[in-house]
Structures are given as C-alpha cells and as structure tokens.
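Trainee: Below is one structure. I have some questions about it.
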Amino acid sequence: MSHDKMILKHPLSVRMFHYFLILSFLPLAVTGVLLYFKPLSDAAMHLTMQIHAAAGVALTIACASFFFLAYDRVVLFIKRVFSVSLADLKWFAVLGGYPQKLILRKKVPVPPMGKYNSGQKLFGIFVLIGGSLLILSGWILWGFPHAMPRGFVSLMGDVHLIAGIVLTLFLCVHLFLGVYMFDDFKAMILHGKIPYEEAREMSSLWVRKEVIPISENKC
Ligand code: HEM
Numbered sequence: 003m004s005h006d007k008m009i010l011k012h013p014l015s016v017r018m019f020h021y022f023l024i025l026s027f028l029p030l031a032v033t034g035v036l037l038y039f040k041p042l043s044d045a046a047m048h049l050t051m052q053i054h055a056a057a058g059v060a061l062t063i064a065c066a067s068f069f070f071l072a073y074d075r076v077v078l079f080i081k082r083v084f085s086v087s088l089a090d091l092k093w094f095a096v097l098g099g100y101p102q103k104l105i106l107r108k109k110v111p112v113p114p115m116g117k118y119n120s121g122q123k124l125f126g127i128f129v130l131i132g133g134s135l136l137i138l139s140g141w142i143l144w145g146f147p148h149a150m151p152r153g154f155v156s157l158m159g160d161v162h163l164i165a166g167i168v169l170t171l172f173l174c175v176h177l178f179l180g181v182y183m184f185d186d187f188k189a190m191i192l193h194g195k196i197p198y199e200e201a202r203e204m205s206s207l208w209v210r211k212e213v214i215p216i217s218e219n220k221c
C-alpha cells in the first residue's frame, strides 16, 4: 500500500450518528449541569428542563435509529471496546503516552493498539452502559414517575445523576483529545479518512489485521 494514502476510519453512517450525538448529548450535558446547580430564574429553569427533555428524546431517537439501521456497526463497536488484553493494562500504566507527550514533550513506548486505544475502549464502554442507563432512567423520571414505586423512582434519580456526571466528565477528556488529535478530528467531523502513516503508528494492530488484508484482497 502506498504510504501517502488516506484510509477510511469512520464510514458515513458512524459520522452521521456522531453528529447526532454531538447535537443531542452536548445540550443534555450543559442543561443537566444547570438543572443540578439551579443558578437561573424559575422561568429559565423551566425552559432548561424543556430543552433537556427535548435533547433526551433526540438522543433516544438517534440511538434507536443507529441500532436498527447500522446494527452491524453496533456489534463491531461492542466487540472492539470489550476486547481487553494485557496490552490495555500496559497502555494505562503510561496513560497512552499522552501526559509525557503533552507535558514533557517526550515520546514513550506505547503497546500496539487496535482501532481504538485502551482509553477510547473505556470511554466506549461508559458510553454504551452509561448512555443506556441515562436514557432508560431519563424516560422513567420524565415519562412515568407516578406509575412507578417511589423507591424505584428515587433509585432511577440516583442512577441518572451518577451516569450523567461520569459521562460528562469523560466527555470533557474526549472533547479535548478529539480536537487535539486533529487528523482524527477531521476524520470524524469531515471526510472519515486518516493518513495511512498516522493509522499505522496509532492503531498498528487495526492496520495490520484489518486494513491491509482488505486492501490486498481488492487489489
Ligand atoms: C464536539 C464534540 C465532539 C468531538 C470534537 C468529538 C470527537 C471525536 C473524534 C475525533 C472521534 C474519533 C476518535 C478516533 O478516530 O480514534 C470520536 C469518536 C467517538 N465519539 Fe466523539 N466527539 C464529540 C462528541 C461526542 C459525544 C457527545 C459523544 C457521546 C456521548 C461521543 C462519542 C464518541 C464515540 C462513541 C466515538 C467512537 C465512534 C467510533 O469510532 O465508532 N463524541 N469523537
């Protein structure tokens, strides 16, 4: 394979879903923080609640549509984020080499990674489990709080709060690294492709096991 080539990392279906995640989840996180601290007037808090609920409905529709329309991508994503090995422990031991690169401007050896590095896998697991819990608990709290036992509704309130806090904190790191890794940013937000050399360095196992065999078959 020629080394100045670009390779497809994020197909259109994934990019479209990611746009919907940005459009629904970011307003959810901001309004969620406002609802927790209640810094605004009653009228403004009421509007905040309405925006929170509307963004929650939008997130539910986006997730359900992606699940049914791109089921194969969902299965692949689950397989990838749950494929854990010793390399992940080694990756976390040096935090993927990011602090050394960012603070000390030093490059340290990092174990070879697949399509996602260990940090992205952990984020993916939190998005899957935390996102499902958030959506489910959100619908119960908003849609039918009086149809459920009081203790259960209170438990759902706690689940919603904890999942919301954890995902929002993870999201801050994701946003920072998502923009810092600018080739990945352009791939996810614009055209889906990243330079082959970049992929070979950052996701060598993915390139070796999945990208090269596919391209060789097609040649
Ligand atoms: C402006 C906001 C955001 C930016 C700039 C951003 C950036 C990115 C980038 C660059 C990637 C690709 C990473 C890679 O190629 O290795 C990515 C993947 C991902 N992002 Fe975001 N992101 C944003 C918001 C969100 C939100 C709100 C969520 C969900 C709560 C989210 C969930 C994900 C997931 C699950 C992936 C992996 C998708 C896949 O490759 O199959 N992102 N994001």
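Start counting the sequence shown at 3; every next residue gets the next number (the numbering used here). Even glycine gets a Cβ: it sits at the ideal position worked out from N, Cα and C.
Assuming A89 contacts P113 (C-beta within less than 8 Å), just tell me the rounded distance between them.
Mentor: The residue labelled residue 89 in the question sits at position 87 within the sequence shown. The residue labelled residue 113 in the question sits at position 111 within the sequence shown. Right, their Cβ atoms sit about 4 Å apart.
Trainee: Going by Cα to Cα distance, which pick from A55, F39, R17 and L25 is closest to L138?
Mentor: As a working mapping, residue 138 is identified with position 136 in the sequence shown. If we check each option's Cα against that of L138, A55 comes out closest.
Trainee: Under three-state DSSP, which class holds M8?
Mentor: Taking the sequence shown and counting its residues from 1, one reaches residue 8 at position 6. Three-state result, M8: strand.
Trainee: Would you tell me roughly how many angstroms separate the C-alpha atoms of Y21 and H193, rounded to the nearest one?
Mentor: Position 19 of the sequence shown, counted from the start, is the residue given in the question as residue 21. Position 191 of the sequence shown, counted from the start, is the residue given in the question as residue 193. In a straight line, the C-alpha of Y21 is about 13 Å away from that of H193.
Trainee: According to DSSP, which residues form a beta bridge with I196?
Mentor: Taking the sequence shown and counting its residues from 1, the one referred to as residue 196 is at position 194. Note: I196 sits in a beta bridge opposite I9.
Trainee: Near K109, which residues of its chain fall below 8 Å by C-beta distance, leaving aside the five closest residues on each side in sequence?
Mentor: By 1-based counting over the sequence shown, the position of residue 109 is 107. Only G99, Q102 and K103 meet the Cβ criterion.
Trainee: Under 6 Å Cβ to Cβ from V129, same chain only, skipping five residues before and after it: list those, please.
Mentor: Here residue 129 refers to the residue found at position 127 of the sequence shown. Answer for V129: no residue qualifies.
Trainee: Sorted by chain position, which residues of the same chain lie with C-beta nearer than 7 Å to C221's C-beta, five sequence neighbours on each side aside?
Mentor: Residue 221 sits at position 219 when you count from the first residue of the sequence shown. Only weak support exists for where C221 lies, its pLDDT of 45 falling under 50; the value from the coordinates is given anyway. So no residue of the chain qualifies.
Trainee: Leaving out the 5 sequence neighbours to the left and right, which residues in its chain are closer than 7 Å to M51 when beta-carbon positions are compared?
Mentor: Your numbering for residue 51 matches position 49 in the sequence shown. Within its own chain, the residues whose Cβ lies closer than 7 Å to the Cβ of M51, once the five positions on either side in sequence are excluded, are L37, listed in chain order.
Trainee: Counting only the same chain and skipping the five closest in sequence on each side, list residues whose C-beta sits under 6 Å from that of K92.
Mentor: Translated into the one-based positions of the sequence shown, residue 92 becomes position 90. Hits under 6 Å: P113.
Trainee: Report the three-state DSSP secondary structure of L183 (helix, strand or coil).
Mentor: Residue 183 sits at position 181 when you count from the first residue of the sequence shown. The question names Leu, yet the displayed sequence has Met at residue 183. Looking at M183 - three-state DSSP - the assignment turns out to be coil, as it is neither helix nor strand.
Trainee: With DSSP collapsed to three states, give me the class of G222.
Mentor: Only positions 3 to 221 of the chain appear in the structure, and residue 222 is not among them; the question remains open.
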